[in-house]
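Quick note, the sequence shown lines up with residues 9 to 505 if you use this note's numbering. In this text, a Cβ means the ideal position worked out from N, Cα and C, and glycines have one as well. Here the structure is a predicted model, which is why all the values come from computation and not from measurement. In what follows, a structure is listed as structure tokens, so that the remarks can point back to it.
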Amino acid sequence: MSLDIVIVGGGISGLVAGIYAQRAGMSAMIVEKNHVAGGECTGWDREGFHIDNCLHWLVGSKPGSDLHRIWAEVGALDTGVHQPEFMYRSELDGESLTLWADIDRTEKELLALSPADADNIRWLMRLCKLGGSVMPPAEKPGEMWSFTDVIMMSAQMNKLVKLDKELAGMDTRDLAYRFSHPLIRAAITDFCPPESLANSFPMAYGNFAAGDGGIPRGGSRALAQRLVAKYKELGGVLLLGCPAVKIERTAEGAARGVTLKDGRYLKADYVIAACDTSVTFGTLLPKKLMEPMLARMYKESKNFRIYGMFQAAFAVDAAEPITHGDVMLEVNLGDIPWAGNRITVKDFAYEPDFAPAGKQLLQVMLGTHDAAFDWWYELYRRDHAAYDAEKAKLAARLQQVLEERWPQLVGKLRLLDSWTPVTYHRYCNAYRGYNQAFTPTKKSGKEFYPKPYLNNVPRLILAGQWMSPPGGLPAAAIQGKFAIQRILQREGKSIKV
Ligand SMILES: Cc1cc2nc3c(=O)[nH]c(=O)nc-3n(C[C@H](O)[C@H](O)[C@H](O)COP(=O)(O)OP(=O)(O)OC[C@H]3O[C@@H](n4cnc5c(N)ncnc54)[C@H](O)[C@@H]3O)c2cc1C
9 MSLDIVIVGG GISGLVAGIY AQRAGMSAMI VEKNHVAGGE CTGWDREGFH IDNCLHWLVG
69 SKPGSDLHRI WAEVGALDTG VHQPEFMYRS ELDGESLTLW ADIDRTEKEL LALSPADADN
129 IRWLMRLCKL GGSVMPPAEK PGEMWSFTDV IMMSAQMNKL VKLDKELAGM DTRDLAYRFS
189 HPLIRAAITD FCPPESLANS FPMAYGNFAA GDGGIPRGGS RALAQRLVAK YKELGGVLLL
249 GCPAVKIERT AEGAARGVTL KDGRYLKADY VIAACDTSVT FGTLLPKKLM EPMLARMYKE
309 SKNFRIYGMF QAAFAVDAAE PITHGDVMLE VNLGDIPWAG NRITVKDFAY EPDFAPAGKQ
369 LLQVMLGTHD AAFDWWYELY RRDHAAYDAE KAKLAARLQQ VLEERWPQLV GKLRLLDSWT
429 PVTYHRYCNA YRGYNQAFTP TKKSGKEFYP KPYLNNVPRL ILAGQWMSPP GGLPAAAIQG
489 KFAIQRILQR EGKSIKV
């Protein structure tokens, strides 16, 4: 079969789609606006240090699931996986609580911390064990499931139904407020936004504790480069530094190729849009063609939330690891209306190549509310120097927080870089600089998956994390693979890839 596919976007979704296209005997061409592929799964070098942008955990890193098979087939796990001893440690008012890889150990720690919450603690830990046994279906798209597939999947689905039943009508904030101890409340919302569905925390921590949240060695950029190598090895073509500006259509409306910013027209039998959906609809195609569920998500921003981050990376003039993993701290930035009050601090001691010998690297992530994007974007648009100055000012405040928490760092920290939601917007065309897809809330309703096909644009398949809220690397990869199976089905071919 010699079908030509043009894939817009060389992030993880586009790369996975490209690999499976080549494996299925089609010839794919990926067009990527940046000079490095990987999209948000990236990292960069500064003064001998490597700053990793993405990988904190990867669902599917443990053998035995369909998702793991995808990661293994595309080469994501070739360098091995680091299994942290704990998911994160939350601190508040001088107390600390660790989410260990061993749930029973966490349960003991929680019971010692807050005996008054004993019943809820046991209940939540039981839900985490249940959540950790739910695996996302990744073998084939749901619309292709046969009756037998449905029966086979029902055991998995039943676990999810059971979990959701126990958490009916709740979001993560409600779940946190079942507990009286402020640190337990903080720990639950430290990773999952308060408005996210209540199953988010039990599934996230449960997956981690089940050993399925490891970190592929070498970091995000190296992972993406392994996918690039696999794709090219299979004969795929990758055009870097080539933004697409239009999806071209036949008189009947079907996708027939892509025009690049440099004027080149790439003809194709199919187009896969694996870029941000705000680019697909608004730049590549008229916005009015937007898939209806997606359109609802953009419109109902209160029910489908987006979040961003301010981040800073510091060189540490010391050889000893500082945090030994992710540590969540309280900060008081009350004068900044768009800033959250918790930060994640992380060293990369598990990646000795990320810092020169005798040094460490510390990264700080400050969660921001949606309004942060407008604030930073307006500043960036008006005055680049003022934007840089504000970044440095906020980074200096965060440095002070680090020095207060770890006094041994005084005089040993040096800012390497800081970045904002605008960075993701500029680099990846990410909608309002968000790093995942829309986060459904308890008000979103139960159906929130956009359709990957548009009736009025045949031969266009939508992929990328935005097709599978709330996004993340697994969503990106699964949608990339599914895009190829969707083409194969349309061509009447076997969807086994
Ligand atoms: C700070 C941070 C931490 C994260 N941590 C984790 C984590 O620990 N675990 C996890 O699972 N996920 C994590 N994520 C999320 C994960 O990075 C994303 O879900 C995933 O990388 C999205 O992949 P994608 O291919 O769907 O989209 P993208 O990465 O956005 O890729 C889209 C690509 O399209 C390109 N593009 C855009 N417009 C055009 C155009 N007009 N023409 C050509 N190309 C175009 C972009 O440059 C980009 O390369 C994190 C993200 C961030 C930012």
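Here R97 carries a strand assignment [DSSP, helix/strand/coil].
Going by DSSP, A320 is part of the beta strand (DSSP E) stretching over G316 to V324. Burial state of G479 is buried, judged by a 10 Å Cβ sphere holding 16 or more other Cβ atoms. Across the structure, A445 and V236 are spaced so that their CA atoms are roughly 23 Å apart. For V372, the uninterrupted beta strand (DSSP E) segment begins and ends at Q368 to T376. At least one heavy atom of ligand 1 falls within 7 Å of the beta-carbon of Q473. Annotated as distal: L66 and G214, with beta-carbon spacing of 8 Å or more. Between the region 351–364 and the region 100–119, the count of C-beta pairs closer than 8 Å stays below three; the two stretches do not touch.
In the pairwise beta carbon analysis, the region 97–110 is classified as touching the region 324–342: at least three pairs are separated by under 8 Å. Looking at the DSSP output, V89 sits in a beta bridge with P224. Straight across, the Cα-Cα distance linking R304 with L462 is about 15 Å. Restricting attention to A206, F216, R181 and T291, the CA atom closest to the CA of V16 is found in T291. CA-to-CA, the gap between L468 and R186 works out to about 46 Å. Placement of the Cβ of H64 at a distance of less than 7 Å from at least one heavy atom of ligand 1 is found. Excluding its 5 nearest sequence neighbours in each direction, D101 has C-beta neighbours in its own chain below 8 Å: P190, L191 and E338, listed in chain order. Distance from the CA atom of V82 to the CA atom of L121, rounded to whole angstroms, is 43 Å.
If only uninterrupted alpha helix (DSSP H) runs of at least 4 residues are considered, those enclosed by the region 167–214 are 180–184 and 190–199.
Secondary structure of W474 (DSSP, three-state): helix. Set against 7 Å, the gap from the CB of S21 to the closest heavy atom of ligand 1 is smaller. With a threshold of 16 other beta carbon atoms within 10 Å, D179 meets it and is buried.
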